Every structure is written in structure tokens, then in C-alpha cells.
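Visitor: My questions all concern the structure below.
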Ligand code: ZN
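Numbering (the numbering used here), first residue to last: 555 to 692.
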């Protein structure tokens, strides 16, 4: 069995962002030389997510509004976590949107459903964050 590991680094200008990282994962898959197996992609930070959904800007604005209803950023004082930090909402948003995705690799390609794309969800940006890609197979 072969195994390949790569770490992506993100540093967004905004507190929140939704970034299509599918091309970066496809690039890692090509470098791995693996054609049958599994590809794990996970956020390495507890205020960011990796998730699969549609690459459609309206939907991303809907995610933003929905997450702000469930876990509003402000007022910061509403959260027990915000003693030294102001990012309790980001931890909650990350929990809702998930930590990782696993995609099957078939014939050297990510075996997606029709509109599936991989996204990095940033909920407390303006600093360096990492995403792990781990690919195993043959
Ligand atoms: Zn925190």
C-alpha cells in the first residue's frame, strides 16, 4: 500500500471564508501516484472546517446567514468561551460544518457525485491555518 501526506496552509484576509480546495486535492492526488484508494482531507484547526458541497456563490451566502443564525459572532459576551478569545462562534460553526471529508479514489480520480466539490471553511481567519491531505491506496 502506498501513502501520501501533504499539508495546505491558508491565511485568509477575512474572519470567515469558503474556499474551493478541490484543485489542490486533485494536485495532491496526482503527486501521490495512487489510482485506487481513499483520500482524507481534514482541517487541522478547531475553528475551521473541510466539507463537501456545491460551488455556488448563493449557497455560500446561505451558509453564512444560516451559521450566523445558529452561532452569531456577536455579541462576544454571550459565550462562556470568550474570556481571553472572541472565537466561540467559530468553534461552534466548525462543529456544525464538520472536520473532514473522505473521498474514494477510482481510476486515479476523486470519485465525486455530480456537483460535489471540497471546501475549506474558515470561521476565525486572519491567521495561518493548516489542512491535512492523507491519501492511501495503490
Ligand atoms: Zn477559542
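Don't be surprised by glycine CBs; every beta carbon is placed ideally from N, CA and C.
Here the structure is a predicted model, which is why all the values come from computation and not from measurement.
Is the beta carbon of residue 641 within less than 7 Å of some heavy atom of the ligand ZN?
Guide: Yes.
Visitor: Smallest Cα separation from residue 568: which of 650, 679, 692 and 576?
Guide: Of 650, 679, 692 and 576, the residue nearest in Cα terms is 679.
Visitor: For a test of the three-state rule: what should DSSP assign to residue 618, helix, strand or coil?
Guide: Three-state result, residue 618: helix.
Visitor: Could you name the residues of the same chain whose beta carbon sits closer than 6 Å to that of residue 609, not counting the 5 residues immediately before and after it, in chain order?
Guide: If we look at residue 609 and ignore the five residues flanking it on each side, its Cβ neighbours are 574 and 671.
Visitor: Does residue 683 pass the burial test, meaning 16 or more other C-beta atoms within 10 Å, or should it be called exposed?
Guide: Buried: at least 16 other Cβ atoms inside 10 Å.
Visitor: Roughly how many whole angstroms lie between the Cα atoms of residue 691 and residue 597?
Guide: Rounded to whole angstroms, residue 691 to residue 597 spans 21 Å at the Cα level.
Visitor: Sort out for me which residues DSSP pairs residue 667 with in a bridge.
Guide: Answer is none; residue 667 lacks a bridge partner.
Visitor: Here's the rule I'm using: 16 or more other beta-carbon atoms within 10 Å means buried, otherwise exposed. How should residue 583 be labelled?
Guide: Buried, because 16 or more other Cβ atoms sit within 10 Å of the Cβ of residue 583.
Visitor: Could you check whether the segment 605-619 touches the segment 577-591, counting it as contact only if at least three pairs of C-beta atoms, one from each stretch, sit closer than 8 Å?
Guide: No, they do not touch.
Visitor: Can you tell me where the beta strand (DSSP E) holding residue 597 begins and where it ends?
Guide: That run of the beta strand (DSSP E) goes 591-597.
Visitor: According to DSSP, is residue 584 part of a helix, a strand, or is it coil?
Guide: If DSSP states are grouped into helix, strand and coil, residue 584 belongs with the helices.
Visitor: Roughly how many whole angstroms lie between the Cα atoms of residue 588 and residue 654?
Guide: Cα-Cα distance, rounded: 20 Å.
Visitor: Given that a residue counts as buried once 16 or more other Cβ atoms are within 10 Å of its Cβ, and exposed if not, what is residue 674?
Guide: Flag for residue 674 reads buried.
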